[in-house]
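Asker:
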Amino acid sequence: MSFSTKGEYGVRLMVQLGRRYGGGPSSLAEIATEEDLPRPYLEQLVMSLRDAGLVISTRGSHGGYELARSPDEIPMIAVLRALEGPIAPMICATDDSEAAHEPTCDRTARCTVNFLWIRIRDAISATLDGMTLADLVPERVALIQPMNLQESRQP
Numbered sequence: 000m001s002f003s004t005k006g007e008y009g010v011r012l013m014v015q016l017g018r019r020y021g022g023g024p025s026s027l028a029e030i031a032t033e034e035d036l037p038r039p040y041l042e043q044l045v046m047s048l049r050d051a052g053l054v055i056s057t058r059g060s061h062g063g064y065e066l067a068r069s070p071d072e073i074p075m076i077a078v079l080r081a082l083e084g085p086i087a088p089m090i091c092a093t094d095d096s097e098a099a100h101e102p103t104c105d106r107t108a109r110c111t112v113n114f115l116w117i118r119i120r121d122a123i124s125a126t127l128d129g130m131t132l133a134d135l136v137p138e139r140v141a142l143i144q145p146m147n148l149q150e151s152r153q154p
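Residue numbers (numbering that gives the first Met the number 0): 0 to 154.
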């Protein structure tokens, strides 16, 4: 199973918003420059994240986007579901409750391979559910300390 650029770029966007949490709205132009990502694509991704209740937007000259809640309250499974849709290594093993009741394969009643796809889906979901955005956002102290150590070594 692989995630698309939606997932990759969207997670990078969320990490940047997590790093800036508490500092007010951030512009997508700044994040796009810092992450070397296309701003128009980030604009599309942030709409999905906003619709999922993960980010909020502020209009105006000092506007932008910020997390709707703290990074430790945002499970990564919610981020990836907002960006990629349901976790589904195969169509017959989706975690989308609505799609799970629709017959997607005429072999579902007698298929034994489905068990593999469900185990894979559950392992991925458990990993993502066990991580929050805070796990991907380095603490500010850790970012500052290496610079201070290098500066103190210089004459």
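All C-beta atoms in this analysis are idealised placements derived from N, C-alpha and C, irrespective of residue type, glycine included.
Find the nearest neighbour of Gly-17 within the set Arg-109, Pro-39, Pro-74, Ser-124, judged by alpha-carbon distance.
Answerer: Reading the sequence shown from its first residue, position 18 is the one you call residue 17. Nearest of Arg-109, Pro-39, Pro-74, Ser-124 to Gly-17, Cα basis: Pro-74.
Asker: Got a sec, what are the start and stop residues for the beta strand (DSSP E) Gly-63 sits in?
Answerer: Numbered from its first residue, the sequence shown carries residue 63 at position 64. Looking at the DSSP string, the run of the beta strand (DSSP E) that includes Gly-63 is 63-66.
Asker: Going by Cα to Cα distance, which pick from Glu-33, Glu-29, Pro-37 is closest to Lys-5?
Answerer: Within the sequence shown, the letter at position 6 stands for residue 5. That would be Pro-37, whose Cα lies nearest to the Cα of Lys-5.
Asker: Measuring CB atoms only, is the stretch 23-41 touching the stretch 76-85, in the sense that at least three cross pairs come out at less than 8 Å?
Answerer: Result no; under three Cβ-Cβ pairs closer than 8 Å.
Asker: Given this structure, state the Cα-to-Cα distance separating Gly-9 from Leu-41, to the nearest angstrom.
Answerer: Against the sequence shown, residue 9 aligns to sequence position 10. Against the sequence shown, residue 41 aligns to sequence position 42. Taking the straight line from one Cα to the other gives about 7 Å.
Asker: Who are the near neighbours of Ala-28 in its chain, counting only those whose CB is closer than 8 Å to its CB and skipping five residues on each side?
Answerer: For the purposes of this step, residue 28 is identified with residue 29 of the sequence shown, where counting begins at 1. So the list reads Arg-38, once near-sequence residues are dropped.
Asker: Pick helix, strand or coil for Ser-69, following the three-state DSSP scheme.
Answerer: By one-based count along the sequence shown, residue 69 stands at place 70. DSSP places Ser-69 in coil when its eight states are reduced to three.
Asker: Which class does Val-54 belong to by DSSP, given the choice of helix, strand or coil?
Answerer: Working through the sequence shown from its first residue, we reach residue 54 at position 55. Three-state result, Val-54: strand.
Asker: Which of the three DSSP states, helix, strand or coil, is assigned to Pro-74?
Answerer: As a first step, residue 74 must be located in the sequence shown, where it is residue number 75. In this structure, Pro-74 counts as strand in the three-state DSSP scheme.
Asker: For Pro-88, which residues of its own chain have a beta-carbon under 8 Å away from its beta-carbon, when the five flanking residues on both sides are left out?
Answerer: For the purposes of this step, residue 88 is taken as the residue at position 89 of the sequence shown. Excluding residues within five positions, the ones whose Cβ falls inside 8 Å are Met-0, Trp-116, Ile-119, Arg-120, Ile-123.
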